[in-house]
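Engineer:
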Amino acid sequence: MPAAGSTHSQNVPLIKIWCAVHRSNLAWKDVSSTVVEVSHIVSKLSGISAFFHNSALRTRELQQLSKENNLQLLRIPKFFQVRWTEFSFSLVNAILISWKALVIYMQNSKEKESNEFLLLLTNKDTIFLLAFLADVLAIFSRYQQTIQSDKITVLDLVKHTESVINKIKSLSSINLVGGWVDVLEDEHKGTDGKVLKDIKLIDFQEKLKHRHNLYVTENRSVSAICH
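For the sequence shown, full-length UniProt numbering assigns the number 1 to the initial residue and increments by one for each residue that follows.
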């Protein structure tokens, strides 16, 4: 029997104290609802998810297009609000991996919604926002996996939490090694950032005077979140 006042009580498995993963999910949900730029992009991407999940025909057409053009395609997750971090991470990654297939599909589609999605997906600022969010969520997801262990204590939680905060803060000046921002910057080399995978991107500065309201949110998104 440990003596009163010993450190034994501090080493009780975290799962017996509170559900840290649930609390971290709530933290990300707060960010994605209160930071306008994040809320906007997650809402738009959820719209793309619904666009395909609500139509078996569209899904088959996208799969066929991907196969015929030898393009990467990852299943876009269905909207799931409970595991918000997991859903957001899966959604952003699926969109980035399937990006070219999605763009070509929207270019060929005659449906009204497709044009809106095409403008979103070919906006240079939106793409880099997605890449940045993917890197943030990759760090955050690894953190959640770590703290799910029954061996993690409250003291360990503090250490891991401080570490993940510092890693996310560092993304404002240093890219995540092997992350999506790194990948996109390599893809953009030699194109002045105007072309990605042979597809011309929308330059915000060129379009601002014509479509100001449509692009304001995406234009300030990356800097707003990074800093």
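Even glycine gets a Cβ: it sits at the ideal position worked out from N, Cα and C.
All values derive from a computational prediction rather than experimental measurement.
With which residues is Asn-123 paired in a DSSP beta bridge?
Structural biologist: Ile-202
Engineer: Please look up how many angstroms separate the CB atoms of Ile-48 and Ile-76, rounded, as I've assumed it's under 8 Å.
Structural biologist: 7 Å
Engineer: With a floor of 4 residues, list each alpha helix (DSSP H) that falls wholly inside the region 156 to 195, ordered by position along the chain.
Structural biologist: 180 to 188
Engineer: Assign Phe-89 to one of two classes, buried (16 or more other C-beta atoms within 10 Å of its C-beta) or exposed (fewer than that).
Structural biologist: In summary, Phe-89 is buried, with 16 or more beta-carbon neighbours lying within 10 Å of its beta-carbon over all protein chains present.
Engineer: Check whether the Cβ atoms of Phe-132 and Val-181 lie closer than 9 Å to each other.
Structural biologist: yes
Engineer: Asp-186 to Gly-178, Cα distance in whole Å?
Structural biologist: Going by the C-alpha atoms only, they are around 11 Å apart.
Engineer: Compute the Euclidean distance between the alpha carbons of Asn-115 and Ala-50, then round it to the nearest angstrom.
Structural biologist: 15 Å
Engineer: What is the DSSP secondary structure of Leu-102, reduced to helix, strand or coil?
Structural biologist: DSSP places Leu-102 within a helical segment (H, G or I) once states are collapsed to three.
Engineer: Out of His-160, Asn-108, Ser-55, Asp-135, which has the shortest C-alpha to C-alpha gap to Ile-147?
Structural biologist: It is His-160.
Engineer: Quick check on Ser-46: buried or exposed, where buried means 16 or more other Cβ atoms within 10 Å of its Cβ?
Structural biologist: By the beta-carbon neighbour count (other beta carbons within 10 angstroms, threshold 16), Ser-46 is buried.
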